[in-house]
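**Student:** Quick one: this structure, given as structure tokens, is what I'll be asking you about.
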Amino acid sequence: MRRYIVAPLAFAFVSLMPAFPSHARRIASQACRASLVLFPLSNAALAQAQDLAASAQLPEVRVSANAGTGGYVAAEASGATRTETPLREVPQAVRVVTSALIDDLGATRLADTVDYVSGVARLNDFGGTWDNYAIRGFSSMDMGYLVNGFPGSRGYNPMRDAATVERFEFLKGPAAALYGSSEPGGTINIVTKKPRFTRATSAELSAGTLGFARATVDTTGPINDQLAYRLNVMAEDSASRSSLIDSNKYLVAPALAWAPDERTLVQYEGEFMRVRTPLDRGLVNVNGKLPLPRDRYLQEPNDPNLHLSSNTHQLTLDREVATGWRARLGVSYKESGFEGYAAEFGSVLADGRTLTRRNSWRTLPSRDTSAQAEVEGNFHTGGLAHRMLVGVEASRLHMGMDIYYSSLAANPYAIDIYEPVYGQAKPPVSPSISTRENQRALGAYLQDEVSLNDQWKLMAGVRFDNYHQSVDNLLTATSARQSQTAVSPRIGLTWLPTAQLSAYLSLGKSFRPNSGVDEAGNAFDPQHARAIEAGLKWQSEDARVGATLAVFDIRKNNVLTRSPTNPNFNIATGEATSRGLEIEAFGQLNQHWRISSSFTLVNAKVTEDNAIAPGTRLTNIPKVSASLLAIREDAMPVFGGRYGIGTGLVYVGSRSGNATDTYSLPAYATVKLVTYWQIDRRTRVFLDVHNVFDKAYYPASWGNLAVTPGLGRQFVAGLRYQF
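When the letters of the sequence shown are read in order and numbered with mature numbering (1 follows the signal peptide of the UniProt record, and there is no 0), they come out as residues -49 to -1, 1 to 674.
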């Protein structure tokens, strides 16, 4: 039956768009075919997820997604406390990028939203293949975001697409008391679109310059009185900085919701993603300068694209066991793959124009399984009201790494960075890295939200983790093993003097295992951190405008950063600190204007280390950053409907380019233009212009050499139709 829903939908959608270029219509038809071919996987996926839940004896945990997010202001964020506590009572900074803000930004990826959230900085994205950001100055080399409260990015995963996303929750401060191993600066919880019992379908086709074309279909509705479905399909030819680069991706995400009675909800969500893209290392730093145009390609355009894949299954059960008491069970399973050839940078020779390279091949498979079980309840002791959450979590992670390199000494595979000539004979590769890493973790957590009175709210939580890690080096026949335990507490106090204003103070500790080994083959000790945060939150009486202010102080040990002598390995700095200020204001100011703004001031630096000088800035972290999105909407004269026009401004300050701060990435500012015409309640057309002034800028760097250039000016036009 679902085939009959999607096929005519995509056909009708393409028929509505004769004015679009042929490659845009091709992408739409590919989205249709992908839905027909891959949707039958949902039955097998559901069976696999159910088998996994049975074998784990611990079905999957569901994170509530009931937050009111009709505009830019969210009432709740399910990831902050795993309960339905109003955000104004939560003693930490939380920014929710709602579906309305995602639409206004024209965001198709998580990466398109981070510039508009305070305290978030871009890090090395591994040649454009994964998400990697710092929050309040800190991130491990894998970002470690959550999807519906489950680990979502351990291993090597494609960049997160927005086609399946209801909202992005940026949770500031340590989350270890709930989620175990996590960053002290914060994490991101991605809440996906859920099945609904009201029938709705939307389709969107967009195309633009720089080779961009994209088609999406989102359909949901009831199958019967107890069962509902949702299906998201996406196909995209991605924009690129050079005509020599070609990338595309496809996604199919089926979901089912079963409500056998008023107290029970069972949900299955699957997501299957395929990406074909080169490992684009970008440009090179030459003696502290960035002399090359952004479209200069220093790898081999005839190399086949990398193959990236991700298969995700989540199965959850939410049950009201008694009045005021709920039980949530769940399991998540994710497989990811990363495989292919690439020409890797070596070094720029003394002549300042010859870049040595290595031919390389790698495969990076991973499997990640987690199971959660928790109980939430409301009760009173004396005159105090409690909301208690108790839970356990078990997880297993397997990561393989096989990398083959050619010899720089025997065959430098060099290229002239100013006058590149492609198509050299590829030097042979040989095994250079071959490891198998396994992680097992078991955690238990307790959280109590206590209402002392109408104005004072206390939150206290603690998590106990037991962690085992083994790393086997197949080339040297050596192994590194370690077992660790950690206690991660947090406590926070919130004062609500008025119905619109709240103030809070919170303290917490966090723990995070460090994946991989150093150049000597030794496993890294875990990261430990403590964080202190204080802040103010304000919300207008009609809850349409919000503002937050937060100050923080974080101290962290064993921070991983790229080795200054070998960028294929990490080193652990002794201690680093991050102190700063964040300000955000957002919402619907009046009938016509809505805004989203942010300002960040952060000082993130090394304070103790044997290899890096104290006072050295942490890589890629700007001291100052800011953003503003302002949109005016009004009635469209003559033609009817409503129009919107606005602009987005992003400023990012100067950043350290490498671990030893021997070169800097320059500050930059970019401007985007947003326009749309909401013809009627079903039809919307839009035109966005990104990087209006065609600014050359560099969002991030990798080690001593590679620098990521931003895209040039790009026009994107599209049509969305709701059936």
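Using N, Cα and C, we set each Cβ at its ideal position, and we do this for glycine too.
Where do the N-terminal and C-terminal ends of the alpha helix (DSSP H) with Asp54 fall, by residue?
**Tutor:** Run containing Asp54: 50 to 56, per the alpha helix (DSSP H) assignment.
**Student:** Grouping DSSP H, G and I as helix and E and B as strand, with all else coil, what is Ser(-8)?
**Tutor:** Note on Ser(-8): pLDDT 38, under 50, position unreliable in the model; no value is reported.
**Student:** Who are the Cβ neighbours of Thr320 in its own chain at under 6 angstroms, not counting the five residues just before and after it?
**Tutor:** Once the five neighbours on either side are set aside, the close Cβ partners of Thr320 are Tyr284, Arg347.
**Student:** By DSSP's criteria, Arg633 is part of a beta bridge. Which residues make up the other side?
**Tutor:** For Arg633, which the question treats as bridged, DSSP gives no partner whatsoever.
**Student:** With three or more C-beta pairs closer than 8 angstroms as the rule, is the region 642 to 657 touching the region 607 to 616?
**Tutor:** Yes, the region 607 to 616 touches the region 642 to 657.
**Student:** If you draw a straight line from the C-alpha of Tyr627 to the C-alpha of Arg635, how long is it?
**Tutor:** Going by the C-alpha atoms only, they are around 7 angstroms apart.
**Student:** Taking Cβ positions, are Tyr418 and Ala128 nearer each other than 8 angstroms?
**Tutor:** Taking 8 angstroms as the Cβ cut-off, Tyr418 and Ala128 do not qualify as a contacting pair.
**Student:** Go through the region 448 to 475 residue by residue and report every complete run of the beta strand (DSSP E) that reaches 3 residues or more, in order.
**Tutor:** Entirely contained in the region 448 to 475, the beta strand (DSSP E) runs reaching 3 residues are, in chain order, 452 to 463.
**Student:** Does the distance from the C-beta atom of Val603 to that of Ala618 stay below 8 angstroms?
**Tutor:** Yes, Cβ-Cβ distance for Val603 and Ala618 is below 8 angstroms.
**Student:** Would the beta-carbon of Asp416 fall within 8 angstroms of that of Arg387?
**Tutor:** Not in contact: Asp416 and Arg387 (Cβ atoms no closer than 8 angstroms).
**Student:** Express the C-alpha separation of Gln177 and Asp212 in angstroms, rounding to a whole number.
**Tutor:** Spanning the two alpha carbons is a distance of roughly 8 angstroms.
**Student:** Is Ser457 near Glu484, with beta carbons less than 8 angstroms apart?
**Tutor:** Yes, these two residues count as a Cβ contact at 8 angstroms.
**Student:** What is the DSSP secondary structure of Thr570, counted as helix, strand or coil?
**Tutor:** Strand at Thr570.
**Student:** Ordered along the chain, which non-local residues of its own chain (more than five positions away) have a Cβ less than 6 angstroms from that of Thr307?
**Tutor:** Result list for Thr307: Gly297, Ser298, Leu359, Pro363, Ala365, in chain order.
**Student:** Provide the residue span of the alpha helix (DSSP H) that contains Thr427, from first to last.
**Tutor:** Run containing Thr427: none; DSSP gives neither H nor E here.
**Student:** Within this structure, are the beta carbons of Gly669 and Leu52 separated by less than 8 angstroms?
**Tutor:** Not a contact, by the Cβ cut-off of 8 angstroms.
**Student:** Report all residues from its chain with a CB closer than 6 angstroms to the CB of Glu286; omit the five preceding and five following residues, and keep chain order.
**Tutor:** Counting only Cβ-Cβ distances below 6 angstroms, and skipping sequence neighbours, we find Asn262, Arg318.
**Student:** Between Gly303 and the rest of its own chain, which residues show a CB-CB distance below 7 angstroms, the 5 nearest in sequence each way excluded?
**Tutor:** Cβ within range, chain order: Val237, Asn238.
**Student:** Just mark Val667 as buried or exposed, buried being the case when its beta carbon has 16 or more other beta carbons within 10 Å.
**Tutor:** Answer is buried; the Cβ neighbour count reaches 16.
**Student:** Going by the beta-carbon positions, is the gap between Thr152 and Phe674 smaller than 8 angstroms?
**Tutor:** It is a contact, given that the beta carbons lie within the stated cut-off.
**Student:** What would DSSP say about Thr32, mapped onto helix, strand or coil?
**Tutor:** If DSSP states are grouped into helix, strand and coil, Thr32 belongs with the helices.
**Student:** Which stretch, first to last residue, makes up the beta strand (DSSP E) that contains Val272?
**Tutor:** Start and end: 257 to 273.
**Student:** Inspect the beta-carbon positions of Phe89 and Ile505 and report whether they are closer than 8 angstroms.
**Tutor:** Yes; because the gap between Cβ atoms is below 8 angstroms, this pair is in contact.
**Student:** By the three-class DSSP mapping on this structure, what secondary structure does Glu40 have?
**Tutor:** Helix at Glu40.
**Student:** Going by other Cβ atoms of all chains shown within 10 Å of its Cβ, with 16 needed for buried, is Phe644 buried or exposed?
**Tutor:** Its Cβ having fewer than 16 others within 10 Å, Phe644 is exposed.
**Student:** Per DSSP, what kind of secondary structure is Val658 in: helix, strand or coil?
**Tutor:** Of the three classes helix, strand and coil, the one that applies to Val658 here is strand, per DSSP.
**Student:** How far does the beta strand (DSSP E) with Val226 in it extend, from its first residue to its last?
**Tutor:** First-last of the beta strand (DSSP E) with Val226: 215 to 228.
**Student:** Do the CB positions of His331 and Val401 come within less than 8 angstroms of each other?
**Tutor:** Not in contact: His331 and Val401 (Cβ atoms no closer than 8 angstroms).
**Student:** From the DSSP output, in three-state form, read off Tyr67 for me.
**Tutor:** Residue state, collapsed to three classes: helix.
**Student:** Does the region 56 to 76 come close enough to the region 466 to 483 to have 3 or more Cβ pairs within less than 8 angstroms?
**Tutor:** Touching, no, given that fewer than three Cβ pairs across the two stretches are closer than 8 angstroms.
**Student:** Reducing DSSP to helix, strand and coil, say where Ala(-22) ends up.
**Tutor:** Annotation note: pLDDT 49 at Ala(-22) (below 50); position unreliable, no value reported.
**Student:** Excluding sequence positions up to five away, which residues of its chain have a Cβ less than 8 angstroms from the Cβ of Thr80?
**Tutor:** The answer, listed in chain order, is Tyr107, Pro109, Met110, Val226, Thr228, Leu230, Leu257, Leu259, Phe289.
**Student:** So what does Ile534 bridge to, in DSSP terms?
**Tutor:** Answer is Leu500, Phe550.
**Student:** On a Cα-Cα basis, can you pick out the residue from Gly342, Ala555, Met185, Ser193 that is closest to Met224?
**Tutor:** Taking only the C-alpha atoms, the option nearest Met224 is Met185.
**Student:** Spatial neighbours of Ala544 within its chain, please: C-beta separation below 6 angstroms, excluding the five flanking residues on both sides.
**Tutor:** The sequence given here places Trp at residue 544; Ala does not occur at that position. Answer for Trp544: Arg583, listed in chain order.
**Student:** Does the region 524 to 544 come within contact of the region 493 to 509, defined as at least 3 CB pairs closer than 8 angstroms?
**Tutor:** Touching, yes.
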